[in-house]
Amino acid sequence: MALLNYSPPTSPYLDIIYQDEHFLALNKPSGLLSVPGKALEHKDCLQNRVQTVFPTATVVHRLDMATSGIMIMALHKDAHRKVSKLFELRQTSKRYIARVYGKVPQNQGEVDLPLICDWPNRPKQMVDHERGKKALTHYRVLQADEDETLVELTPVTGRSHQLRVHMLSLGHPILGDRLYAHERALAAATRLQLHAQQLSFIHPFIDKPILFESETPFKFKSGNKK
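What follows is the structure, given as structure tokens:
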């Protein structure tokens, strides 16, 4: 899917929320690529911005361009290997906040639906019970009315577009989602209402728990902030 009129936010140019000699925790804005695209006009991304200041920095995991929130970048090869292993072994704890269309009837629950790339419509993903990879998401309602719900989403797995497709499967697409939302849900917000609000893991070099948090840039019933 081509990126039309790619114009990522530049203020702040970088939002570093944690730094030590091993890795950085950054707050990525919605609208900024995690890594560069193929076209020259898609070179501006979090990775390249960070590398102008920290040339050895490497991306450990990614967020969708439209998703905001916490991302980790390693500052040396050993840090990249160790932090990547934590993600691979699911030894990280992630929490997202989302505004979704309509009223979610249950206060909490889970979505356990396998996902695969919808190849003719890539980068979209879809549920496929035969060929899909296991994907599990826990959700908890924070606020709700008949029009929308603010939910806390905890992914157990880390599949591409997992939270977006899982909420869609419940009949509650994330507001402002250009890939999956229907017309009314898309029109309800100027950006994807999905934010990586919290990330925690055991620091692999000091063997102590570390927790990162980022304020959610949208609120229930007022989600059009950038």
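For the sequence shown, the residue numbers in the working numbering are 402 to 627. The beta-carbon is built from N, C-alpha and C at its ideal position, and this holds for glycine as well. Because the structure is a prediction, the values reported are computed rather than measured.
Check	Outcome
Given that a residue counts as buried once 16 or more other Cβ atoms are within 10 Å of its Cβ, and exposed if not, what is ALA440?	exposed
Alpha carbon to alpha carbon, what distance is there between PRO610 and GLN420?	15 Å
Go ahead and label ARG532 buried or exposed: buried means 16 or more other beta carbons lie within 10 angstroms of its beta carbon, across all protein chains shown.	exposed
So does the region 594 to 606 actually touch the region 489 to 497, counting three or more Cβ pairs closer than 8 Å?	yes
Please go through the same chain and pick out, in chain order, the residues whose beta-carbon is closer than 7 Å to the beta-carbon of VAL484, but skip the five residues on each side of it.	PHE424, VAL461, ILE473, ALA475 and PRO605
Nearest-angstrom Cα distance between THR459 and THR468?	19 Å
If you count every other CB in all the chains shown that lies within 10 Å of the CB of HIS560, and 16 or more means buried, which is it?	According to the sequence provided, residue 560 is Arg. The question's His does not apply to it. Result: buried.
Thinking C-beta only, is PHE613 closer than 9 Å to ALA480?	no
Decide if GLY572 is buried, meaning its Cβ has at least 16 other Cβ atoms within 10 Å, or exposed.	exposed
Assign HIS596 to buried or exposed, taking buried as 16 or more other Cβ atoms, counted over all protein chains shown, within 10 Å of its Cβ.	buried
Does the Cβ of VAL454 have 16 or more other Cβ atoms within 10 Å, making it buried, or fewer, making it exposed?	exposed
Rounded to the nearest angstrom, what separates LYS486 and PRO506 at their Cα positions?	37 Å
Would you give the residue range spanned by the beta strand (DSSP E) that VAL552 belongs to?	549 to 556
If distances are taken between C-alpha atoms only, which option among ILE417, ALA588, GLU511 and GLY503 comes closest to ARG541?	GLU511
Please classify HIS501 as buried or exposed, where buried requires at least 16 other C-beta atoms within 10 Å of its C-beta.	Reading off the sequence shown, one finds Val at residue 501, where the question assumed His. Result: buried.
Nearest to ILE517 by CA position, among GLN509, ASN508 and HIS530, is which residue?	HIS530
For ASP479, does the three-state DSSP call read helix, strand or coil?	helix
Grab me the residues of HIS583's own chain with a C-beta within less than 6 Å of its C-beta, minus the 5 sequence neighbours each way, in chain order.	none
Sorted by chain position, which residues of the same chain lie with C-beta nearer than 6 Å to VAL557's C-beta, five sequence neighbours on each side aside?	LEU537
GLN509 lies in the alpha helix (DSSP H); which residues open and close that run?	Note, GLN509: premise wrong, no alpha helix (DSSP H); beta strand (DSSP E) at 509 to 513.
Report yes if the CB atom of SER570 is closer than 9 Å to the CB atom of ILE418, and no otherwise.	no
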